[in-house]
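Chains as they are written, first to last, in this note's numbering: chain A, 1 to 262; chain B, 1001 to 1319. We put the beta carbon where it would ideally sit given N, CA and C, even for glycine. Report on the structure given below.
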Ligand SMILES: Cc1cc2nc3c(=O)[nH]c(=O)nc-3n(C[C@H](O)[C@H](O)[C@H](O)COP(=O)(O)OP(=O)(O)OC[C@H]3O[C@@H](n4cnc5c(N)ncnc54)[C@H](O)[C@@H]3O)c2cc1C
Ligand SMILES: Cc1cc2nc3c(=O)[nH]c(=O)nc-3n(C[C@H](O)[C@H](O)[C@H](O)COP(=O)(O)OP(=O)(O)OC[C@H]3O[C@@H](n4cnc5c(N)ncnc54)[C@H](O)[C@@H]3O)c2cc1C
């Protein structure tokens, strides 16, 4: 099975305090620690496991800039066979639909049976996979937490409310968005990354992909981010101050009043 | 002015809470709009869902087809692509169904798409101003949505409070317009989540751990605090994904809904999927090393500390 996994480089929210620039145009990106989107790690692991079971190859692709190469190498260190970078000034400022159009053009240059995305990324939109499938006219399933290859079809589980699982049969080729917990993504050490450090990663731009200037990027975006802002909050939490000891004493007092402690 | 539609989620003939929330959201887009509810399904449960929708919306479009008996996103999308007029604004709940169906529909309708909207500031010409969150709720953004060729919008559950307004709408049967509903994804069955040894839904006090616990070995630190408090340990989703605790202990939209008196959020950032599982307005205590963590916006009491130091110290104090 020829599998393509779409991956995005995102600021690691577990590692960073996100703060907004004074003029609200963006978040402070200078000191951010970036990594591969959490969901995309599960997608890459799933692709590798499927390949190891039924044969074929795994390609990882990202729409980004030269700095995004590092996440492609990381996924190759996990076991992906190839990496492709889609980069062009014309791609900048694309909305989800723009990103999906760029990915679609690359997919149509290849011969893939299965395309995996993460369920969502840092913008929390969960949009690219479903848009891509609709553009390709392939079937789609989101929030997938189980994949079994059965002949020319897949039997898949989708996570729905309450942690229940919706079982479906889906034809190939198809696009699936992968939910966390589907597998346990393998650990990548420094040594693994070193092994793939010099592998050539092809970079394709708008011209290579036959994408007309203006059909993606900021100009084509139907959704534009106007600004970042800090909302007027409700009363918010009462923050306990003092030494650790003082905070604990105060908390115990409050908990006793609320019936949280006998 | 664009026509506004709301997709109604329903179960066993009863419309879900989102039905009333979308009606409120529609008014925020255009206070004067005549909003139409679209209800898809099959047979008598569909009819009762339509009755429920008619209590909230002036117009209800009913789409009855055996293929729509279960809300398979692939099939519903096909029906809506035929039924929703070009240029309309369609509202859909941002739940596991909406995430599945809606992005592709925006492509089929050639409409704009904006997901997981938490606030709406109204239309200015064809531009709709909406509020979203990014980076796990750590940043808010205003987005400008070009609705000139229509828009599909998914709305975060719980973000638009129902205003109690009622309607006595009329139901129009649009089943004939749905067209061919064959799809390449077939629904088989729903497998219920497994039940575990503990029932966190019955606990009065929960010590709930998130990714801040950092390591499987540290779970015992939370257990010791819970023992000292007479509480039960629950957790956020990454702890279950990492297999450090069983699924039955997960709080959230894809886990359990809990109604404790006291909820101790230890190293939990406060994502909406997590908060969606906490009901009954408990007294929420948040301990987090990041003073900007979104959990502090919903907690009653906040403590900025490292939970790996805080929890043992509190356990000792309770000794
Ligand atoms: C400086 C800047 C300006 C921006 N301006 C705008 C704007 O004006 N309007 C706007 O709507 N958005 C804007 N964006 C957001 C950006 O275009 C998003 O990347 C896009 O919306 C898709 O990401 P998402 O998080 O919504 O993806 P989701 O749909 O949540 O992600 C789901 C999955 O899709 C795949 N995927 C997502 N992005 C990529 C990618 N780049 N490469 C490969 N696979 C991917 C991954 O598998 C991911 O797990 C801007 C971003 C930046 C950094
Ligand atoms: C469809 C869907 C359904 C989902 N369902 C659920 C669900 O049911 N339940 C759920 O929980 N999530 C769910 N999620 C995931 C959710 O979006 C978040 O990713 C998740 O809730 C984050 O968990 P967290 O707060 O533990 O981790 P993070 O967001 O990583 O937060 C960890 C927090 O710990 C703090 N921290 C780190 N170290 C320490 C320390 N030593 N001391 C103190 N604080 C520390 C950090 O500052 C941070 O605030 C779902 C997602 C999707 C897409």
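Is residue i helix, strand or coil when you go by DSSP?
i	result
residue 11/A	strand
residue 91/A	helix
residue 1094/B	coil
residue 1281/B	coil
residue 26/A	coil
residue 1243/B	coil
residue 1218/B	helix
residue 1100/B	helix
residue 1315/B	helix
residue 1151/B	strand
residue 145/A	strand
residue 64/A	coil
residue 1195/B	coil
residue 42/A	helix
residue 1080/B	helix
residue 1295/B	helix
residue 1186/B	strand
residue 1261/B	coil
residue 1174/B	coil
residue 1320/B	Beyond the ends of chain B as shown, which are 1001 and 1319, falls residue 1320/B; an answer cannot be given.
residue 1250/B	strand
residue 176/A	strand
residue 1/A	coil
If I measure Cβ to Cβ from residue i and keep anything under 7 Å in the same chain, skipping five residues before and after, which residues do I get?
i	result
residue 239/A	none
residue 1198/B	1232, 1248, 1249
residue 1301/B	1285
residue 1144/B	1127, 1129
residue 1085/B	1003
residue 129/A	117, 140, 142, 175, 177
residue 19/A	27, 28
Within a Cβ cutoff of 8 Å, which residues of the same chain sit near residue i, ignoring the five residues on either side of it in sequence?
i	result
residue 135/A	100, 101, 104
residue 1036/B	1003, 1004, 1005, 1006, 1057, 1058, 1059, 1060, 1061
residue 148/A	154, 155, 156
residue 53/A	149
residue 1049/B	1008, 1010, 1013, 1014, 1015, 1039, 1041
residue 310/A	No statement about residue 310/A is possible, as the shown extent of chain A runs from 1 to 262 and does not include it.
residue 1141/B	1131, 1132, 1133, 1134
Classify residue i: buried if its beta carbon has 16 or more other beta carbons within 10 angstroms, exposed otherwise.
i	result
residue 187/A	exposed
residue 1291/B	exposed
residue 1099/B	buried
residue 1195/B	exposed
residue 229/A	exposed
residue 1019/B	buried
residue 1328/B	No answer is possible for residue 1328/B: the residues shown for chain B start at 1001 and end at 1319.
residue 1021/B	buried
residue 243/A	exposed
residue 1138/B	buried
residue 25/A	exposed
residue 1133/B	buried
residue 92/A	exposed
Near residue i, which residues of its chain fall below 6 Å by C-beta distance, leaving aside the five closest residues on each side in sequence?
i	result
residue 1173/B	1062
residue 1310/B	1287
residue 1153/B	1091, 1114, 1117
residue 112/A	2, 4
Compare the C-beta of residue i against all C-beta atoms of chain D and say whether one is closer than 9 Å.
i	result
residue 1086/B	Among the protein chains in the structure shown, which are A and B, there is no chain D.
My assumption, with CB atoms under 8 Å, is that residue i sits in contact with residue j. Please give the rounded CB distance.
i	j	result
residue 1091/B	residue 1025/B	6 Å
residue 1284/B	residue 1304/B	Rounded, the Cβ-Cβ distance is 15 Å, inconsistent with contact.
residue 221/A	residue 124/A	Actually they are not in contact, since the Cβ atoms of residue 221/A and residue 124/A sit about 17 Å apart, beyond 8 Å.
residue 1254/B	residue 161/A	7 Å
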